[in-house]
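Asks: Chains as they are written, first to last, in our numbering: chain A, 48 to 474; chain B, 20 to 550. Note that the Cβ used here is the ideal one computed from N, Cα and C, for glycine as well. Everything numeric in this text was worked out from a predicted model, so none of it was measured. Dumping the structure here so I can ask a few things about it.
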Amino acid sequence: MEKIVTRHFGQENSHHLDNYRQDNGYEAARKALTQMTPAQVIDEVKKSNLRGLGGAGFPTGTKWSFIPQANPKPKYLVINGDEGEPGTFKDKYIFEQDPHALLEGIIITCYAIGSHKAYIYIRGEYIKSLERVQAAVDEAYKANFLGKGIMGTGFDIDVVVHPGAGAYICGEETALLESLEGKKGFPRLKPPFPAVIGLFGCPTVINNVETIACVPPIINKGAEWYAKLGCEKNGGNRLFCVSGHVNKPGVYELPNGTTLREIIYDHAGGIPNGRKLKAVIPGGISAPILTPDQLDVKMDFDSLKAIGSMAGSGGIIVMDDTTDMVWAAMVAARFFAHESCGQCSPCREGSGWVYRNVKKLYHGQAREHDLKNLPGIVNNIGGNTICAFGDAVSMSVGSYVSKFRSEFEAKIQSTVILSEAKDLKVS
Amino acid sequence: MPNLTIDGKQIEVPAGTTIIQAADKLGIPIPRYCYHPALPVSGNCRICMVEVEKQPKLQIACYTPVADGMVVKTNSPKVLEVRKTVLEFLLVNHPVDCPVCDQAGECKLQDYYMEHGQYDSRLSDVKVKKEKKAFSIGPTVMLDQERCILCTRCVRYADTITKTHEFGVFSRGDHSQLDVYPGKQLDNNYSGNVVDICPVGALTDTDFRFKCRVWYLAQTKSVCPGCSMGCNITVEWDKSRPHQHKKARVMRLKPRHNPEVNDYWICDKGRYNYHFIDENRIQHPQLNNDLISWEQAIDTVVQVLKPLKDLKRTNRIGVLASAQLTNEDLFVIRKFFKETLNGAHLDFKVSEKPGDSDDFLMKADKNPNTAGAAQIIQVSTDAAQIVQKARAGEIDLLYVFGHDLAALYGKEALYQISKNVKLFVFQGSNVNGSCSYAHLNLPSSVYAEKAGTFTNCQQKVQRIWPAFLPMAEAKADWEILSLISAKLGAPINYKDAQEIFKDIAATISPFSEMTYDKISDKGMVLKNLSS
């Protein structure tokens, strides 16, 4: 199988410009800038069926085409490298192993959308990523792949590396823009979408790291080649981050549409110690959890959606039969309660309420009404919030309760507290 | 212009109008916490969600622009359910300490709960502890973080209206807390407005806190007498238990919306300028040190006036009218001292030091009716000259309306006046430096005790309404003059302020075509003075 994004991973000095150039590095950018019009670049990316690999799966070329070219304001490209979704650690490898692939993708994307400035927003905890990307940017400036009139083409491009400050919500694209602008990371009301009013009020494209790293190979080898690698409407390969109860956790580059079973058992080495699989989160903690009977699902955006989950960020978290699902739900709920930005009321108050409820259940301090109320509370958050975080709380925590209800029921405290027992009348 | 239907009612509104604005125009109530018409939209509370036909999800009415042919439902089962839901979330960490909360009775959590909540509580958990409860964040406002629903109205107010940026929301998730920035205090000229826009009991007024339950309050429309801006206000007074606060009637003033004058706001100077209504009042007519009846008081004035009138020595009369008075008071002053007693020296402008002002609502001229006085009173002699004449004994009667001459001219001048004029009359609502030197003190009513009009610095004539009866024996200024004129045998007869105003409109051309009904509660600008 042909590796694309991970093709340089593991090579000595893979992060250096020299290494990158040895493998036709920056030739795709040269090709785009000298032989193609921006519209042709966009068209090529559209035909490749490349989709947003941060989690939403929006067709990349289409997103680029939303940038209003008649708008006299500057246009920006923002790379979302906040990678905070639990179970996800792929962008980190691109930053560290092949930052020039990202930079070349940035050049091509900027050219396609008419932008001369790109920001790379990197998760604050990713110290090594920040260092490697900044070093790569410096190298690229020196070699005139960035800066004024790059590669003798007359095209200018500046790249700024910006560290995040530790909030998960800044991975939400409009919260990221707020953060970049120096404000508290609160998601914006939409519309307007960033393509119209984005960074500093200007048209902006926001793409995930992996998505942009896929762009140079598409330009080099053509949309058709790329589209064929994946499955219908999901072009190319994906980086799957496998963690949890598997023998070989790690990042695996596999074609879109590979089954979950194949990823877990053939590539990640299966479940250790002969135990059985109990549950899998297929796309980062926000994705509804799957049960063993769903393992044959194809890992692409559309197939996972069809079974009520989502491909999300490609973070596969495997849980074996020793896992307490109430505990797992509590961990997820705690994460959401901790990371809710607090801007809108259903999510701010609801995420904490859900966590406290599940925590009580886990510790055996909950009573029947607590479990009875839980699905309703969880449901009331989703669909009523400013951003998709609220939906994630609902879908994620809700899926544990609906699929493993008996485990929750088993935790209910049997003691009757007199003051709360409505049917017990004290005479 | 887009035409849309809300709950079966059609309306055409300009493009860019939001659903909540269109619904407000139709009088269809959509609940709101974070939305305020004068502030940028934040969309965080989520209680204004409505159903829009052909949209799968409910939309927030405060942010969603109308579209042609749009069909909106504000009371479908889905909408009513989500209101309940949002209320429930807002109360998860709210203390529900209504019995000890000053906002109770005018709290939007209470109101909407009664209207849309009414569910059995599912909240059995420990609530998140916030840091500051009953915490002073400045000279006028108290903060209670656990009652705050983080709607950010105050934050947006301080960011966009006063641009003083005191407020922020700190931390995140359900630990978010509203606070002032470290080292900052909420201390600007317009701090008190945050209490009005706070929909819950998070920001309360230090001055009003625990003074009176709001359900004891009556509201009377009025105009702030604190400066020439004439901000529209509501006088809120205790209609049933004034004995709880030493018989003080007025408990607080609130801004009253008038987009052409003060929008939703008033300054703190104006807001807290009400104690004089119930304190330090002149309650009875008083001659030197003796309390006298109104009849005796009128006789005292007429005894001096009659010979001056009869002997055509009206130039021995000096009158200092005031721009604190209403147009109606001033018109009767004009009739009496310019017509009946033609020849009297009359002015209304004393040389006051300009007060504090800013580029928003506060004006340096601290009189509410300078523009009206200028139209009504034809000044015959400069105020300083009148005072000078009084000091020199060149006049026999000095009639002063409300001015504190001690503060303006010094006690020595007053002493001389007191010694050298036959009768020094002070007519006013409150005791000030003039009183102890005046021979005769006549109690007049304050603005909250009478009907009338003020003309503000925009030349806008605005009405005031009487909230309650004048204190003790006080009377409206024009009424006192009516009594004197009758005793003098040249009666100026008016039934009430409205009748005087009819005469003003008939006499003074910039007021022509105005009536109380037309002025209503939003005011009316004087007719073009040049035409």
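(1) Considering only residues of the same chain and omitting the five flanking positions on each side of Val338 of chain B, which have a CB-CB separation below 6 Å?
(2) Using alpha carbons as the reference points, say which of B:Ile405, B:Tyr293, B:Gly391 and B:Arg141 lies closest to Phe443 of chain B.
(3) Who does Gln305 of chain B pair with in a DSSP beta bridge?
(4) Closest Cβ-Cβ distance between Asn63 of chain B and chain A: below 8 Å?
(5) Can you look up Asp145 of chain A in the DSSP assignment and give me helix, strand or coil?
(6) Closer than 8 Å is the cut-off here; do at least three beta carbon pairs connect the segment 390 to 407 of chain A with the segment 349 to 368 of chain A?
(7) When you compare the CB of Asn267 of chain A with every CB in chain B, is at least one pair closer than 8 Å?
(8) Would you say Leu236 of chain A lies against chain B (beta-carbon separation less than 8 Å)?
(9) Is there at least one Cβ from chain A nearer than 8 Å to Ile76 of chain B's Cβ?
(10) Could you give the first and the last residue of the continuous beta strand (DSSP E) run that contains Ser387 of chain A?
(11) From Ile259 of chain A to Phe56 of chain A, what does the alpha carbon distance come to, in whole angstroms?
(12) In three-state DSSP terms, what is Asp371 of chain A?
(13) Starting from Arg175 of chain B, follow the alpha helix (DSSP H) in both directions and report where the run begins and ends.
(14) Taking CB distances under 8 Å as the criterion, tell me whether Trp400 of chain A reaches chain B.
(15) Please decide whether Leu58 of chain B counts as near chain A, where near means a Cβ-Cβ distance under 8 Å.
(16) Can you tell me where the alpha helix (DSSP H) with Leu99 of chain B in it begins and where it stops?
(17) Can you tell me the Cα-Cα spacing of Asn404 of chain A and Gly218 of chain A, whole angstroms?
(18) Can you pull the chain B neighbours of Gln341 of chain A, defined as C-beta to C-beta under 9 Å?
(19) For Ser176 of chain A, is the classification buried or exposed, using 16 other Cβ atoms within 10 angstroms of its Cβ as the cut-off for buried?
(20) Mind listing the chain B neighbours of Ser116 of chain A? Cutoff is C-beta to C-beta under 9 Å, in chain order.
(21) Going by other Cβ atoms of all chains shown within 10 Å of its Cβ, with 16 needed for buried, is Met48 of chain A buried or exposed?
(22) Following a CB-centred definition, is Tyr312 of chain A positioned closer than 7 Å to any heavy atom of the ligand SAH?
(23) Measuring straight from C-alpha to C-alpha, what distance separates Ile263 of chain A and Lys295 of chain A?
(24) List the residues that DSSP assigns as beta-bridge partners of Met161 of chain B.
(25) State buried or exposed for Gly211 of chain B, treating a residue as buried only when at least 16 other CB atoms are found within 10 Å of its CB.
(26) Is there at least one Cβ from chain A nearer than 8 Å to Asn212 of chain B's Cβ?
(27) Apply the 10 Å Cβ neighbour rule to His262 of chain B and answer buried if 16 or more other Cβ atoms are within range, or exposed otherwise.
(28) In angstroms with no decimal places, state the Cα-to-Cα distance between Cys250 of chain B and Ile424 of chain A.
(29) Is there a Cβ of chain B sitting closer than 8 Å to that of His410 of chain A, yes or no?
(30) May I ask you to list the residues that DSSP assigns as paired with Asp363 of chain A?
(31) Between which two residues does the alpha helix (DSSP H) harbouring Tyr535 of chain B extend?
(32) Taking buried to mean at least 16 other C-beta atoms within 10 Å of its own C-beta, is Val145 of chain B buried or exposed?
(33) Are the beta-carbon atoms of Val480 of chain B and Ile538 of chain B separated by less than 8 Å?
(34) Within this structure, are the beta carbons of Cys7 of chain B and Arg102 of chain B separated by less than 8 Å?
(35) Is there a Cβ from chain A that is less than 8 Å from the Cβ of Asp82 of chain B?
(36) Alpha carbon to alpha carbon, how far is Gly304 of chain A from Gly99 of chain A?
Replies: Let me lay it out:
(1) Phe356, Ala363, Leu365 and Tyr418
(2) B:Ile405
(3) B:Leu310 and B:Asn460
(4) yes
(5) coil
(6) no
(7) no
(8) yes
(9) The identity of residue 76 of chain B in the sequence shown is Lys, whereas the question assumes Ile. For Lys76 of chain B, the answer is yes, since a Cβ of chain A falls inside 8 Å of its Cβ.
(10) Note, Ser387 of chain A: premise wrong, no beta strand (DSSP E); not H, not E.
(11) 16 Å
(12) coil
(13) Arg172 to Thr179
(14) yes
(15) no
(16) Pro96 to Val111
(17) 27 Å
(18) Those do not exist, as Gln341 of chain A stays about 26 Å from chain B at its closest Cβ, beyond 9 Å.
(19) buried
(20) Residue identity differs from the one stated: residue 116 of chain A is Gln in this sequence, not Ser. Within chain B, no residue comes near Gln116 of chain A; the closest Cβ sits about 25 Å away, beyond 9 Å.
(21) exposed
(22) The ligand SAH is absent from the structure shown, which contains no ligands of any kind.
(23) Before going further, note that residue 263 of chain A is Pro rather than Ile in the sequence given. Cα to Cα, Pro263 of chain A sits roughly 30 Å from Lys295 of chain A.
(24) B:Ser155 and B:Thr223
(25) buried
(26) no
(27) exposed
(28) 46 Å
(29) no
(30) The sequence shown places Ile at residue 363 of chain A, not Asp. Its beta-bridge partners are A:Val289.
(31) Tyr535 to Ile538
(32) exposed
(33) yes
(34) Here chain B has residues from 20 to 550 only, and residue 7 of chain B is not among them.
(35) The sequence shown places Tyr at residue 82 of chain B, rather than the Asp named in the question. Chain A, which has a Cβ nearer than 8 Å to the Cβ of Tyr82 of chain B, makes this yes.
(36) 15 Å
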